[in-house]
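Residue numbers (this note's numbering), protein chains in the order written: chain A, 4 to 333; chain B, 4 to 333. These notes are about the structure you will find just below.
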DNA sequence: TCTATAAATGTAAGCGGTTAGATTTTTATC
DNA sequence: GATAAAAATCTAACCGCTTACATTTATAGA
């Protein structure tokens, strides 16, 4: 690989001039700049990012932490979609994406150590339990950090309108005449679950159906558990509608209902959440709350990069809207 | 951030000694080594990967190219699952994963330039059209490169048993009594499609049902197109079975069949491919060919890293087996 | 033509590590 | 106690780039 030294030698100038010419500084005579740029191209010159980063203290790369308690990572469709959008946005802004892990060349280190080691300009935390002390440390110590669907005063928090989502859900069901509603929500220690439950309960109160609603703790994107819970519900008597924590769970539940001869939506209505592809592919297609994963990824990335480039490291919250997708299950 | 200079000063030794101590060289007295390691820890020292890479010419990072013609990226579940496994394996071996793009800090560059710029130790190409001259250049010029489901003499090619997969498919259908079979395959310019088609046709010949089989070009993971094609098939008369290019397409096809009152598998049997989660979640559950994404990711990553660490840059092919998953659609 | 000023270029240090080879210290041997 | 060999440590250069500051060259004004 040619270096700026090679170019400098060939052109009979100093490396300073080469560096400046290639970086488009305006204190290089136009003619020499052109000459050097052409020469660099000729020689197949490509800068070395390590050297550049070392000298400028800027890495042009972002770390992504995507580690839930169950290690599902990219297997979680919603987050795979979000990461995809993050990756595209970052790339458009000239940054690249690297996955954060606890393992480095030889040993196991904390996320914070990893970030310091790689010198990421910023970090995005997605689908990760921020109560993990390791993650907490990261959020508290790193300057430029953004979270998805979390709340932390030190981070740019891009959140889906979770309460609103449940409000929409409940109003939709209520308007269709479903009043006895069971909500199979996600894990209780999860921020999103808490928000959605709060939204659900508040709306239920408002609609005066609070006594007809039930809550069962399930697990996000775990159709098997949703299946089992649904089975119990069938045994104990069906409500008017079942709201699942997400589309995968709703699919698992639907499977169970069908297998037990329960007609959807005649015998019971169901709803999912997320609006990922599967919602429209199963039959009957799911009524669900769609989260705009492209938008989420874009907003979180743009905001993080803006904050990096403007040296603003204060945290704030952005809420993104969700939309109702009406399918055949309600 | 503390540097080895800080440590050296505090400990009254040279940076050489610090560097050696922290890297566990055995020409440092045990007592000083311990002292320095403790001190480093005390001072919260974390090496700087840029400096380290610059000096050692090793980046401990891999690039991943995941760009299909339609830019679906991580939205493609099969590949999201594979990338997830790659990421975990890489991390276990002390490497990290960065997405390759055509955009760098300021301008648009070729993949090769990107790789040279970042100094990846190796590159993994997944779900990417290697006929793209840009990709071709990459494969030809980079030393340590691995592909998934591609063939190139310069790369470690980890391929699924595509021909075998279709053989299993066809035997399964044949044994169940289905003989008039329509195969809605993926894009013809795709290596995987070519392999599978070849496997299909050869087996059909062998089973002596070649004249009863039909082939229609569809598009991978595009349920809408599968839906439309299925509709036409219904109009033109159903075969005994339809084989789709993948589970998403099969889901789209199934949706169409159901909507038109066609009973599966009574009126027509269908099969998917990949064995991703959706296959088991829809009703009836899909009979499909399962690809072990964990294994694929693991094998491709381990092989690439081995080749990097042993300085072996020759290409070879590894075929990984697929398995039949029998669902309710056959 | 001679300055003063602006423009262009160069010198050298620094970013944070590694490492060949030199030097010093320790240990073993007689 | 002197000496050779081994062990421990240090000096200094290097990886490839950036940049503050110094120096040279060009330009304009008197």
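For glycine and all other residues, C-beta sits at the position ideal for the given N, C-alpha and C. What you are looking at is a predicted structure, and each value in this text was computed from that prediction instead of being measured.
Query	Result
Given residue 162 of chain A as reference, the closest of A:170, A:39 and A:150 once Cα atoms are compared	A:150
Partner residues on chain A for residue 100 of chain B, Cβ-Cβ distance less than 7 Å	101 and 102
Cβ shell of residue 164 of chain B (< 6 Å), same chain only, five flanking positions each side left out	322, 324 and 325
Residue span of the alpha helix (DSSP H) that contains residue 196 of chain A, given as start and end	194-210
8 Å Cβ cutoff, residue 83 of chain A in contact with chain B	yes
Inter-residue Cα distance where the pair is residue 4 of chain B and residue 288 of chain A	54 Å
Any chain A beta carbon closer than 8 Å to residue 57 of chain B	yes
Under 7 Å by beta carbon: chain B residues contacting residue 281 of chain A	281 and 284
Nearest-angstrom Cα separation, counted from residue 103 of chain A out to residue 183 of chain A	44 Å
Residues of the segment 282-313 of chain A whose Cβ lies closer than 7 Å to any Cβ of chain B, in chain order	284, 285 and 286
Delimiting residues of the beta strand (DSSP E) encompassing residue 246 of chain B	244-247
Contacts of residue 345 of chain A in chain B (Cβ-Cβ under 8 Å)	This structure gives no information on residue 345 of chain A, because the portion of chain A shown stretches from 4 to 333.
Meets three-Cβ-pair contact criterion under 8 Å: the segment 291-309 of chain B and the segment 236-246 of chain B	no
Cβ-based neighbour list, residue 203 of chain B, same chain, cut-off 7 Å, excluding 5 preceding and 5 following	169, 173 and 186
Cβ of residue 226 of chain A within 8 Å of any chain B Cβ	yes
Element boundaries [alpha helix (DSSP H), containing residue 117 of chain B]	114-121
Three-pair Cβ contact test at 8 Å for the segment 60-70 of chain A versus the segment 78-93 of chain A	yes
For residue 128 of chain B: DSSP bridge partner residues	B:68 and B:150
Beta-carbon neighbours of residue 4 of chain A, restricted to chain B and to distances below 8 Å	119
contact_flag[the segment 219-233 of chain A, the segment 241-251 of chain A] where n(CB pairs < 8 Å) is 3 or more	yes
Within-8 Å CB hit, residue 97 of chain A to chain B	yes
Cross-chain neighbours of residue 333 of chain B in chain A, by beta carbon under 8 Å	Those within 8 Å of residue 333 of chain B in chain A number zero; the least Cβ separation is about 18 Å.
is_contact[residue 17 of chain B, chain A] using C-beta, thresh 8 Å	no
Residue 147 of chain B to residue 312 of chain B span [Cα, whole Å]	10 Å
Partners in chain B for residue 52 of chain A, counting only beta-carbon separations shorter than 7 Å	120, 121 and 122
With 16 other Cβ atoms within 10 Å as the buried cut-off, status of residue 333 of chain B	buried
Length of the line joining the Cα atoms of residue 281 of chain B and residue 255 of chain A	10 Å
Proximal residues to residue 82 of chain B (C-beta, below 7 Å), its chain only, five neighbours per side dropped	69, 129 and 130
Alpha-carbon spacing of residue 152 of chain B relative to residue 145 of chain B, whole angstroms	18 Å
Minimum Cβ-Cβ distance from residue 80 of chain A to chain B less than 8 Å	yes
Near-chain B residues of the segment 238-258 of chain A - C-beta to any C-beta below 8 Å	251, 254, 255, 257 and 258
Proximal residues to residue 142 of chain B (C-beta, below 8 Å), its chain only, five neighbours per side dropped	128, 133, 148, 150, 155, 157 and 158
Rounded separation between residue 98 of chain B and residue 273 of chain B - CA only	41 Å
N- and C-terminal bounds of the beta strand (DSSP E) containing residue 184 of chain A	184-188
Interface partners of residue 261 of chain A on chain B, CB under 7 Å	286
N-terminal and C-terminal residue of the alpha helix (DSSP H) that residue 225 of chain B is part of	Premise fails: residue 225 of chain B is in no alpha helix (DSSP H) and is neither H nor E.
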